[in-house]
Amino acid sequence: MGIKYKIANGFFVIGIMCFISFEYIGSEVDEKGYLIESFALVPLGWLFMSSAVCFYLWGFKKKK
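Basically the working numbering = 1-based index in the sequence shown + 2.
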């Protein structure tokens, strides 16, 4: 397995972990009515997943 696929797999796993962490941490509303959640994990998850797709496509293109 090439280094590109290892990096892509790492980004994929980190992206999945971001989504799972967001669901596990959850969200709540405090007594003042403010929403408390770790929303930064959602765009980070998408960033890592799209990076993984880019590395996979780059690996497939270089393989040909």
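Idealized CB from N, CA, C, for every residue including glycine. Note that the coordinates shown come from a computational prediction; the quantities given were computed from them, not determined experimentally.
In the DSSP assignment, the beta strand (DSSP E) including residue 30 goes from what residue to what residue? Here the beta strand (DSSP E) through residue 30 covers 29–31.
Exposed or buried, what is residue 28 when buried is set at 16 or more other beta-carbons lying within 10 Å of its beta-carbon? Counting Cβ neighbours within 10 Å, residue 28 comes out exposed, since fewer than 16 surround it.
Any idea if residue 37 is buried or exposed, counting beta-carbon neighbours within 10 angstroms, 16 or more meaning buried? A residue is called buried when at least 16 other Cβ atoms come within 10 angstroms of its Cβ; residue 37 does not meet this threshold and is exposed.
To the nearest angstrom, how far is it from the Cα of residue 5 to the Cα of residue 13? If you take the alpha carbons of residue 5 and residue 13, they lie about 12 Å apart.
Who are the near neighbours of residue 46 in its chain, counting only those whose CB is closer than 6 Å to its CB and skipping five residues on each side? Once the five neighbours on either side are set aside, the close Cβ partners of residue 46 are 20.
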